[in-house]
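Using my numbering, you'd call the opening residue of the sequence shown number -13 and step up by one each time. Report on the following structure.
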Amino acid sequence: MDRQRLVTLLQESQIPDTQRVKAVTAELQKNFYSKPESLLLLIEVICTNDDVNLRQQAAVQAARLVPKYWEKIPADQKAGVRQHLVEATMKEQNPRSRHAESRVIAGIAGLDLDADDNAWPELIPSLFTLASNAAEVSHREVGSYIIYAILEENPTPFADKVRQLLTLFTDAIKDPQSRDVRVNTMMSIGAVLMLIEPEEDDAVVAAVQNLVSPMVNVLKDAVENNDDERTKQSFEVFQQFLAYEPVLLGPHLRDLMAFMAGDLAANKNADDEVRCQALAFLAQAVRYRRMKVQAMKDMGAQLTLKSMEILTEIDDDEDEDDITPARAALSLLDQLASDLPPRQVIVPLLDALPTFASSADAGFRKAGVLALGTVAEGAPDFVSTQLKMIMPVVIRLLNDPDSGVRHTALIGLTRIADEMAEELSDDRDALVQAILNNIQAASVATSDAGVAKKNVEIMRCACAALDALASGFDSAVMQKYGPELITPIGNLLAHPDFKVKGAAAGALGAIAGAMEESFAPYFENTMAALGPFIQIKDSEDELDLRSGVCDAMGRIATAVGPQKFQPYVMDLMKASEEALNLGNPRLRETSFILWSSLSKVYGKDFAPFIVGVFKGLFDSLEQEEEGLVLDLSEEEKAIFGNDGSKKTAGQGEETMDDDDFEEEDDDDWADYGVTPEAMEKEVAVEVLGDVVTHACGLAEISQYLEKALESITPLIEHNYEGCRKAAISTLWRSYARVFELFEEQTGSKWEPGFPPTQVPSETLVKLGEIVATATLKLWPDEIDRNVVTEINRNVAATLRACGPAILTQDKMVEQTITVLTTIVTRSHPCQQDLGDEDEQDVEGGSSEYDWVVVDTALDVIIGLAAAMGSQFGELWKIFEKPVMKFASSQENLERSTAVGVLAECSAHMGAAVSPYTPAILKLLLKRLTDVDPETKSNAAYATGQLIYNSTDANTYLPSYTDILSKLEPMLSIDHARIKDNATGCVCRMIISHPDRVPIADVLPVLVGLLPLKEDFEENTPVYECLYKLYEANESTVQSLTPKLIGVFEKVLSPPEAQLQDETRQLVQRIVQSLFKAKPELFQGHEQVLKLAGAA
């Protein structure tokens, strides 16, 4: 092999000539890098060449070839190669080249030291000596970097030398002469963490903890000296600590976070990049150490207020994608709201909001409303309870004289409306007017380029705010606003800016969706205005606009219905299938979403398009996921011998980053982003679930389900949580749809009980096995809260809809109980700090995201009760304690939810609740006077269910008078469903023991509350009670008949949802019986007779 030719090619690869570099690359790959001898030649170049760039290039390529060829080098040559390589590295003066050469040593060491015979026994002892005792600084620098490189390459040779390493690090982290030694040592500390088992060696833990303060000093030094590279390396080590056991940072976490927040993030004199990295660390600390942070007094509040301070620096000209301290502070606020209880984040933010919103400094006003909008997603339930205080501030800022403030207020409003549009009903008039005012002001022509740019942003954001707000308007309300909005929004379709057009299309789609059928008068003109955009494809801007219009048309179709939309379906579907091949990811996804919308609109009539739809979805799910692409120069590509792509498994060797010469495994890359293909698959799987649920009958299921399962099931183990979540959901929804079709085909309906009486089809059993296997693989150990929540929701919904059949799968009942127990005791992996398996019970409540995991698990418990019926009584022994604990919580939401669970489980298990009556009744008697109206309402519902279902009358009858006295004031409280639930409770008490209720006193009050307005479910006990009283010829109900005739007419009239079928029949029988006995009572009430079938 020609050494000189290799040198020449390496030199030529540095020349910026694309064609020549390609030719050089091809020759290097074919004639050199394909042969083991090339490794020795490259090492010779490292050891002998005078050109530092060439030495560096040779080292990079040699490091790549070591795993492939080192074992093939003759054993008698290896010792000499090692010696020359170490000597050359020791002499190397250029830091980058020295690091590259150290990587080659590390690669060889990783193989030699890992071998059974330890082929390089003298290396590690000499490195310890070199790094600790070498007189020359450069030798300590080399020694410390080689140790780091080996640790990162393969730390196992140091597994039994952790204590020695930590002793070495204790001195080296404070090396008085070399920043390189200090930083190399710091990186080595990060690399050695994976070798430490804290529970096995307290001394090692203490040694690591003692290194934290010196490590902070290394970071401080790098920051003070504006050393970007060392600063970045130091931050990365602190980030690494968050991936391992919390005890390793131990008592230093609070001080470290305070340093990051106060000395770095909030320091306006610090470099912006440093501030952003500090904020990123804080966000990750909140994410992965949320329980620890929650336990730190005032830490949540301090971080919230610091973030708001930093946010005041936001610049009107900032792009949303810019990474600035202000944008990083927004990310931290988002993380705080998602992971900490509202009282630690939202409360201090709201306390500060009036000061920020009324400041003379526009930056503070912007910061206040942006912060508010950002935290709304993380704590929507709490924020919605504070709207009376919040919305006047938002409305004032929407009308602020400063256009930048109005712009941010529109963004803040959009985020709030995304989470709680229905709750904004009291302020609709002011909000719609403010949005229209902003559109009007932004439409004024101007020659100022800056003002014109801001106007475009305001128009986009105004449309986005309307889009979000409209989702909370019902049809009747939107009929008031629609005509006022459609013209000004429609006019924006003619705006020259493509993004304004797209936002306007989105707003029109939302308006149509809210107006429903009343949008019909505007339908033709709107479709004519949007139509031209559905074919455009000459630029990325046009494709993005086409995407927005596609989405809007799906919403319009949902609004106007299948018949009216029919003339447009064929062309729209054809355009959507074409869109899959235009290379625009967003357009592909909105095409899928359009299919979802149309499948819901047309149901089984969507059949003509099913073939193309499934083909498009399957093609998406089968595409290879390309790795992240590194931004490499042509010279670097020549060195790597490829295009710089980060290869996925099975695609060959990985490339290396020329800046750091680090190899990463695929899992490491998961933290840096999600591939576009993965995000598209997430959407495709969700849409597949929609199409199966809404548009597939038995024929389509037979044709496509097997293929669908083959495409979906592997995604259960995808490293992107969005794919896992979508896949598990679609599996369960597919099962529910097949079960629904099975019941339709057989004419049978499942009944509660376990084991089930219904015999499922073979297809259903096999599908159930696939669904159960996938679920049990994921559910117990999944660390992402959203995925666990989605599993909970689907299991709960399927148990309610399909009954106990799925529970017959192997170990399904046992594993479901186990997982639910870990969740409701807050010990599931998704509820723990990363790396911390100790039970963590922190006072102060939980974040709303954390609570949703528990809440949906409680729904699964209710689902089990619904599916198993009386057999659930045995399982209640397992769940009773945690549910009762929640029902006695200090948190209103936890109490109200748990009391609701008591009610539902009592109803579903029927008489099997009897043994638990004393404990449940004792708790409910307290909750009937709860300070929280929702808890009090649920307690009334639960008390009625307990009395109605329990056979332990000896326990609850002595409390009848007490219960009635507690229910009486509820019958005059207008909050939510309290009146209805109290009415239902009293009626169940009368049904169970009419002799124990003073009917003459109680019944007139109840009748005065009819018909029920809020909770139609409680009509069931109400009319059962009245039926039984009439049947017993009870005098009070007879005297109230004139009043009740009008009530009967109202509940038998629309909406149909007022009464279940059985209850409707009871009411009809009451009317028929009364008419037969006393027809004169019905004079002037002919309509009720028609509704009851009595006339």
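Each residue gets a CB set at the ideal place from its N, CA and C atoms; glycine is no exception.
Shortest Cα-Cα distance from A853 to any of T842, S874, T371, E890 involves E890. In this structure V972 touches V988 by the C-beta definition: roughly 6 Å separates them, less than 8 Å. Taken through DSSP and simplified to helix, strand or coil, T937 comes out as coil. Listed in chain order, the alpha helix (DSSP H) elements of length 4 or more contained wholly in the segment 664 to 720 are 684 to 698. Around the beta carbon of G849, 16 or more other beta carbons sit within 10 angstroms, so the residue counts as buried.
Taking the C-beta atoms as reference points, M870 is found nearer than 8 Å to A905. Fewer than three pairs of CB atoms, one per stretch, sit closer than 8 Å, so the segment 396 to 408 makes no contact with the segment 432 to 441.
Between L953 and the set E183, I964, L268, S429, the nearest pair of CA atoms involves I964. Residue state for W862 is assigned as helix, using DSSP reduced to three classes. In this structure, DSSP gives I579 a helical state, which the three-state scheme calls helix. Taking all protein chains shown into account, R532 has 16 or more neighbouring C-beta atoms within 10 Å of its C-beta and is therefore buried. In the structure shown, T969 adopts helical secondary structure according to DSSP, grouped into three states.
By the CB criterion at 8 Å, K352 and I300 fall inside the cutoff. Inter-residue distance for V391 and V673 is about 38 Å (C-alpha atoms, whole angstroms).
In the DSSP assignment, D605 falls within the alpha helix (DSSP H) that extends over 596 to 608.
In the DSSP assignment, E185 falls outside any alpha helix (DSSP H) and carries neither an H nor an E. Taking a cut-off of 8 Å on C-beta distances, the segment 739 to 752 does not touch the segment 803 to 813, as fewer than three cross pairs fall below it. Judged by beta-carbon spacing, V757 lies beyond the 8 Å limit of L701, meaning their Cβ atoms are not closer than that value. Annotation for I472: L494, I497, Y508, T512 place their beta carbon closer than 8 Å to its own, counting only its chain and skipping 5 residues before and after. Your pair K523 and F604 does not check out as a contact, with CB atoms roughly 24 Å apart and the cut at 8 Å.
Counting along the chain, the unbroken alpha helix (DSSP H) around R82 starts and ends at 81 to 98. In this structure, V123 keeps its C-beta atom at 8 Å or more from the C-beta atom of S174. About 12 Å separates the beta carbons of I397 and C449, which is beyond the 8 Å limit, so they are not a contact pair.
The Cβ atoms of Y274 and D819 sit closer than 8 Å to each other. Taking the CA atoms as reference points, Q795 sits about 28 Å from L607. The alpha-carbon of L879 is positioned some 51 Å away from that of K160.
Less than 8 Å divides the Cβ of V899 from the Cβ of S892. Straight-line spacing of the CA atoms in K1076 and F1068 works out to 11 Å.
The beta carbon of S720 sits closer than 6 Å to the beta carbons of V678 from its chain, once the five residues preceding and following it are set aside; these are given in chain order. CA-to-CA, the gap between S582 and A712 works out to about 14 Å. Straight through space, the alpha carbons of A670 and D258 are spaced by roughly 39 Å. By the neighbour-count definition (other C-beta atoms within 10 Å, threshold 16), D166 is a buried residue.
For Y230, there is no enclosing alpha helix (DSSP H), as DSSP marks it with neither H nor E.
Contiguous beta strand (DSSP E) elements confined to the segment 223 to 295 do not occur, taking only those with 3 or more residues.
Here the segment 210 to 219 does not lie against the segment 237 to 254, with fewer than 3 beta-carbon pairs under 8 Å apart. Less than 8 Å separates the beta-carbon of L764 from that of R710.
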